[in-house]
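So the number in my numbering is just where the residue sits in the sequence shown, counting from 1, plus 209.
All residues carry an ideal CB built from backbone N, CA and C; glycine is no exception.
A short write-up of the structure that comes next.
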Amino acid sequence: MSFDGIKIYTERWKLCREAYSKYEELLASVKKDLDELENSLIPNALMTAGINNMTLDDGTSIKIERFLNPKIQPGAEVEAFEFLEKMGYGSVIKTEFKFNKGEDLGEIEGFLAEMGVSYEKDLNIHYQTLRKTIREIVDHAEQSNPDVDIRDVIPSSIAVETFNKANIKPGKA
């Protein structure tokens with residue numbers, strides 16, 4: 210292959226790279242617009258009108274759904290895990306053991322200390338599992354009392370961001 214061929218490929222690469230960058234910018238802009246429409250403009254307009262769902266003339270359905278985004282506060286893990294256990298969700302908490310590489314791990318936790326194997330024990334919960342669990346706890350509390358405040362149900366060790374989102378299903382054209 211000649212240097213001319215490499216130059217042609219390089220020019221083609223530059224054009225593709227430029228087009229790719231422009232499409233990334235366009236995609237980011239469109240995603241921002243979609244997020245604003247789904248998470249702010251449409252839910253706010255429907256809520257202002259006192260409507261939770263509707264179907265447009267073209268068959269497009271719109272339903273406002275409340276989303277919860279919980280996060281365990283740093284340093285408050287013990288309190289958060291105790292709360293989940295107390296509410297009957299202890300099974301969603303994962304226990305992880307971290308071992309130094311190369312050590313034989315043929316025994317369970319009780320024997321590890323006797324054998325002198327060093328390890329770290331860590332409790333955690335996957336963010337999606339936490340989201341589903343907190344949603345179940347809040348839904349259960351709201352069935353008993355529709356006016357309940359989330360802060361009265363979920364301890365401060367778990368921060369919960371709530372937001373409404375428009376779930377839009379286009380009509381058949």
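Would you call the CB atoms of residue i and residue j closer than 9 Å?
i    : j    : result
I377 : I271 : yes
V301 : I251 : no
F290 : T371 : no
V369 : N278 : yes
S365 : Q282 : yes
Put residue i into one of helix, strand or coil per three-state DSSP.
i    : result
I271 : strand
N248 : helix
D331 : strand
K295 : helix
I359 : helix
K241 : helix
K216 : helix
K231 : helix
K223 : helix
Report the rounded CA-to-CA distance for residue i versus residue j, giving the unit in angstroms.
i    : j    : result
M296 : I346 : 8 Å
G268 : P379 : 7 Å
N261 : I273 : 5 Å
L293 : R340 : 12 Å
N253 : D331 : 41 Å
T264 : R344 : 26 Å
N373 : L246 : 11 Å
E305 : K280 : 19 Å
T342 : N248 : 22 Å
L236 : L224 : 18 Å
E233 : Y218 : 22 Å
S353 : F320 : 46 Å
S242 : A375 : Checking the sequence, you will find Asp at residue 242 rather than Ser. Rounded to whole angstroms, D242 to A375 spans 13 Å at the Cα level.
H349 : K307 : 36 Å
W186 : D213 : With the chain covering only 210 through 382, there is no way to say anything about residue 186.
A258 : G284 : 42 Å
Just curious, the beta strand (DSSP E) that residue i is in, first and last residue?
i    : result
I367 : 367-378
N262 : 262-264
The alpha helix (DSSP H) spanning residue i covers which residue range?
i    : result
A350 : 336-353
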